[in-house]
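To start, the structure under review is shown below, and the notes come after it.
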Amino acid sequence: MKTRHHPLLACALAGAIAATLAGHAGAAGPAAGAPLETIQAVLTAPPHVPAPITRKTPAKVVVDLEMVEKDMPLADGVTYNFWTFGGTVPGSFIRVREGDTVEFKLKNHHSSHMSHNIDLHAVTGQGGGAEATFTLPGKETQFTFKALNPGLYVYHCAMAPVAMHVANGMYGLILVEPEEGLEPVDQEFYVMQGDFYTEGAHGEPGLQPFSLEKGIAEHPDYVVFNGSVGALTGDNALTAKAGEKIRMFVGNGGPNLVSSFHVIGEIFDKVYVEGGTKYQENVQTTLIPAGGSAVVEFKADVPGNFVLVDHSIFRAFHKGALGILKVDGEKNPAIYTGQQHDIEYPEGTPQGSK
Ligand SMILES: [Cu+2]
1 MKTRHHPLLA CALAGAIAAT LAGHAGAAGP AAGAPLETIQ AVLTAPPHVP
51 APITRKTPAK VVVDLEMVEK DMPLADGVTY NFWTFGGTVP GSFIRVREGD
101 TVEFKLKNHH SSHMSHNIDL HAVTGQGGGA EATFTLPGKE TQFTFKALNP
151 GLYVYHCAMA PVAMHVANGM YGLILVEPEE GLEPVDQEFY VMQGDFYTEG
201 AHGEPGLQPF SLEKGIAEHP DYVVFNGSVG ALTGDNALTA KAGEKIRMFV
251 GNGGPNLVSS FHVIGEIFDK VYVEGGTKYQ ENVQTTLIPA GGSAVVEFKA
301 DVPGNFVLVD HSIFRAFHKG ALGILKVDGE KNPAIYTGQQ HDIEYPEGTP
351 QGSK
């Protein structure tokens, strides 16, 4: 994502390559005017990410995404009727390449009570696809767009009342890889924050209805990563080995809160700020707007439990915005010793006294 070819240059190059290939029968890649190769998009549930794209030419990528309304855990003993893209919150991760033509098929499960649609921030066109995908329960709609701009983009439902559909979990991420691809890393993860508003207070058990009043007041009972308290802790913790290079595709579905995304005990070597092309280096906490994203990269140098938080810290320890990256491996005391002593020391005048 570091560099972008000038569009005219890229166009000229593509033309030159196509012309060259046309003159070499049997060469790999499409000849000028040939139809694009059709590929079925692999969609993944969080925290998983589809494999990096290795092809060097654009394709027609078919995305089949189904919207499902279902009860799932929001916290221990608390359930919520989530509205989802692909049956999970956040929705399925979609990965395409800059220049791809994306044929988007959106289904709304027969059991749904609501009509839904999709606005993908990766789309150039009215509503990001929303009007083209007004989908009644039991129906499938389709539209096609060209992925013009590389980046990490949020998608969400844009059916009125939009805020309610988003609050119920209708968001996810679509990555448009740059033509030149992303630098290889050892592990990629999909993490997305969201705020939830329930009629009962935080922790009140049972099936909790959505509270429009709290949503309007922007007073969430839950702020979570990947759709529920504990989605990334305990047995669900992310895992890595010391020495591995980690990339996290981080989104914020909102609907209301801005995230101060931080990993306790790590420094981001690179942050592709707001999911765009440029990166900042050596970042402690990155701001992720509602309806926005960031790509963070770091090397897991030493073993330990590294805690993902929204550093608006009451949200982490009282509302659920907390996850764990468990890194196994050999200790490296040259980088981090752990506790070296815990001893009594002589009493005296308190520091800072005159
Ligand atoms: Cu919806």
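Those letters in the sequence shown? Residues 1 to 354, per the numbering used here, in order. Ideal Cβ positions, reconstructed from N, Cα and C, are used throughout, including at glycine. Fair warning: this is a prediction, and the values are worked out from it, not measured in the lab.
Item	Value
Thr57 versus Phe145: straight-line alpha-carbon distance, rounded	17 Å
Helix, strand or coil at Asn355 [DSSP, three-state]	In this structure the chain extends from 1 to 354, so residue 355 is not present and cannot be described.
Rounded distance between the beta-carbons of Gly87 and Lys107, thought under 8 Å	Contact flag wrong, Cβ pair sits at about 12 Å.
Continuous alpha helix (DSSP H) stretch holding Met164: start and end	Val162 to Ala167
Interface flag, His109 vs chain D, CB-CB below 8 Å	The chain inventory of the structure shown lacks chain D, comprising one protein chain alone.
Beta strand (DSSP E) runs contained entirely in the stretch 220 to 281, provided each spans 3 or more residues	222 to 225, 238 to 241, 245 to 254, 259 to 264 and 268 to 272
Residues sharing a beta bridge with Pro58, DSSP	Answer by DSSP bridge pairing: none, since Pro58 is not bridged.
Range covered by the beta strand (DSSP E) that runs through Glu103	Thr101 to Asn108
Per DSSP, the bridge partner or partners of Asn305	Lys326
Neighbour-count burial assignment, Pro350, 16 or more Cβ in a 10 Å radius	exposed
Alpha-carbon spacing of Thr54 relative to Val176, whole angstroms	13 Å
Residue from Leu43, Gly77 and His48 whose Cα sits closest to the Cα of Gly230	Gly77
C-beta atoms of Val185 and Glu297 nearer than 8 Å	yes
Nonlocal neighbours in the same chain, by C-beta distance under 8 Å from Thr135, ignoring five residues either side	Met67, Leu106, Lys107, Asn108, Ser115, His116, Asn117 and Thr141
Which of helix, strand or coil DSSP assigns to Lys146	strand
Distance CB(Gly320)-CB(Val166) smaller than 8 Å	no
Alpha carbon of Ile313 to alpha carbon of Ser260, nearest angstrom	9 Å
Contact test: His109 Cβ vs ligand 1 heavy atom, cutoff 7 Å	no
Leu43, DSSP secondary structure in three states	coil
Three-state class that DSSP yields for Lys139 in the structure shown	coil
One or two residues paired with Val187 in a DSSP bridge	The sequence given here has Gln at residue 187, not Val. Answer by DSSP bridge pairing, in chain order: Ile246.
C-beta contact flag for Lys60 and Thr38 at 8 Å	yes
Contact between the stretch 263 to 271 and the stretch 297 to 310 (3+ Cβ pairs under 8 Å)	yes
Lining residues of ligand 1 - beta-carbon closer than 5 Å to any non-hydrogen atom, in sequence order	His116, Cys157, Met159, His165 and Met170
Own chain residues within Cβ distance below 8 Å of Pro137, not counting five before or after	Asn108, His109, His110, Ser111, Ser112, His113, Met114 and Ser115
Any non-hydrogen atom of ligand 3 within 7 Å of Glu103 CB	Ligand 3 is not part of the structure shown, which contains ligand 1 as its ligands.
Cβ pair Gly275, Gly194 closer than 8 Å	no
Backbone secondary structure at Lys299 - three-state DSSP	strand
Bridge-paired residues (DSSP) for Ser293	Gly251
Residue range of the beta strand (DSSP E) that includes Gly338	It is not in any beta strand (DSSP E) - Gly338 carries neither H nor E in the DSSP assignment.
C-beta contact flag for Thr309 and Arg247 at 8 Å	At residue 309 the sequence reads Val, which differs from the Thr that was named. Going by C-beta atoms, Val309 is not nearer than 8 Å to Arg247.
Residue closest to Ala217, alpha-carbon to alpha-carbon, out of Glu204, Gly206, Ser228 and Phe196	Phe196
Contact check, Gly99 vs Glu188, beta carbons under 8 Å	no
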